[in-house]
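Colleague:
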Amino acid sequence: MKTVIIYATSRGTTEKAAQKLMNYLNHLQSKVTLINLKKEKIMNLADYDSVILGSSIHAGMVQGKMKKFIKAHQEELQSKKLGLYICCMYEGDKAKLQFEMAYPEQLRKNAVASGLFGGEFDFAKMNFLEKFIVKKVDGNAKDISTLSEEEIEKFAKTYNDCIGR
Ligand SMILES: Cc1cc2nc3c(=O)[nH]c(=O)nc-3n(C[C@H](O)[C@H](O)[C@H](O)COP(=O)(O)O)c2cc1C
């Protein structure tokens, strides 16, 4: 069984999460492929029976590339062993709401694992506009990481169990 983690990131947090997730999916490791939607060509989804989608949230929205990818492949994704995660700074109900906005209901219902992995603020990596937006929303915002190793590991275990390993 081949697994692909398809992710969309602005400043690398979602990629970091994808790499950690791949390491936790240790039984599958040799067969797990990572695809950065912003850099790599869309692969043939038919090559994979297990698909994990990951995206960060900016201004309440899933990454545009992820939105387009889902729109183009929604029907095919329905037939996959699906996992879904987001990276974001909001927590609790706000994060859940963003997750619901990020992925269509059909996919969420079909998903065998769902994850809210947390996020990072790294001001050195942000452009002027991003810094401006973040400071406007939270004047006290500073470099921080809430990326949760625990949540990523939990997701990996659930996903592995559900795909029958
Ligand atoms: C300009 C900007 C807007 C953001 N908007 C949101 C938001 O609406 N909700 C949220 O939970 N996190 C928000 N975040 C936090 C990001 O989701 C977080 O920084 C995440 O780690 C980014 O992941 P990436 O580097 O993979 O894109 C925002 C961050 C930036 C820089």
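According to numbering that gives the first Met the number 0, the sequence shown is numbered sequentially starting from 0. Glycine residues also receive a C-beta, built at the ideal position from the N, C-alpha and C atoms.
#1: Just confirm the distance between the C-beta atoms of residue 5 and residue 20, as a whole number of angstroms; I'd bet it's less than 8 Å.
#2: What do you reckon, is the C-beta of residue 97 under 7 Å from a heavy atom of ligand 1?
#3: Count the other CB atoms, across all protein chains shown, that sit within 10 Å of the CB of residue 80; report buried if there are 16 or more and exposed otherwise.
#4: How many Å lie between residue 103 and residue 53 at the Cα?
#5: Looking at ligand 1, does it come within less than 7 Å of residue 13, judged from the CB to the closest heavy atom?
#6: Nearest CA to the CA of residue 156: which residue from 66, 124, 23 and 60?
#7: So, at 8 Å on beta carbons, what are the nonlocal neighbours of residue 77 in its own chain, with the 5 sequence-adjacent residues on each side left out?
#8: Could you tell me whether any non-hydrogen atom of ligand 1 is closer than 7 Å to the CB of residue 82?
#9: Can you tell which of 133, 115, 112 and 111 has its C-alpha closest to the C-alpha of residue 121?
#10: Under 8 Å between the Cβ atoms of residue 56 and residue 16?
#11: Cα-Cα, which of 95, 130 and 87 is closest to residue 12?
#12: Would you call the CB atoms of residue 117 and residue 96 closer than 8 Å?
#13: Can you round the beta-carbon distance between residue 36 and residue 70 to whole angstroms, since I take them to be within the 8 Å contact cut?
Modeller: Considering the structure as presented:
#1: Actually they do not touch by this definition, with Cβ atoms about 12 Å apart.
#2: Yes, since a heavy atom of ligand 1 falls inside the 7 Å radius drawn around the Cβ of residue 97.
#3: By the neighbour-count rule (16 or more Cβ atoms within 10 Å), residue 80 is buried.
#4: Approximately 13 Å between the Cα atoms of the pair.
#5: Yes.
#6: If we check each option's Cα against that of residue 156, 23 comes out closest.
#7: Hits under 8 Å: 105, 106 and 109.
#8: The answer is no for residue 82.
#9: It is 133.
#10: No. Outside cutoff.
#11: Ranking the options by Cα distance to residue 12, first place goes to 87.
#12: Not a contact, by the Cβ cut-off of 8 Å.
#13: With 8 Å as the limit, residue 36 and residue 70 do not qualify as a contact, their Cβ atoms being about 13 Å apart.
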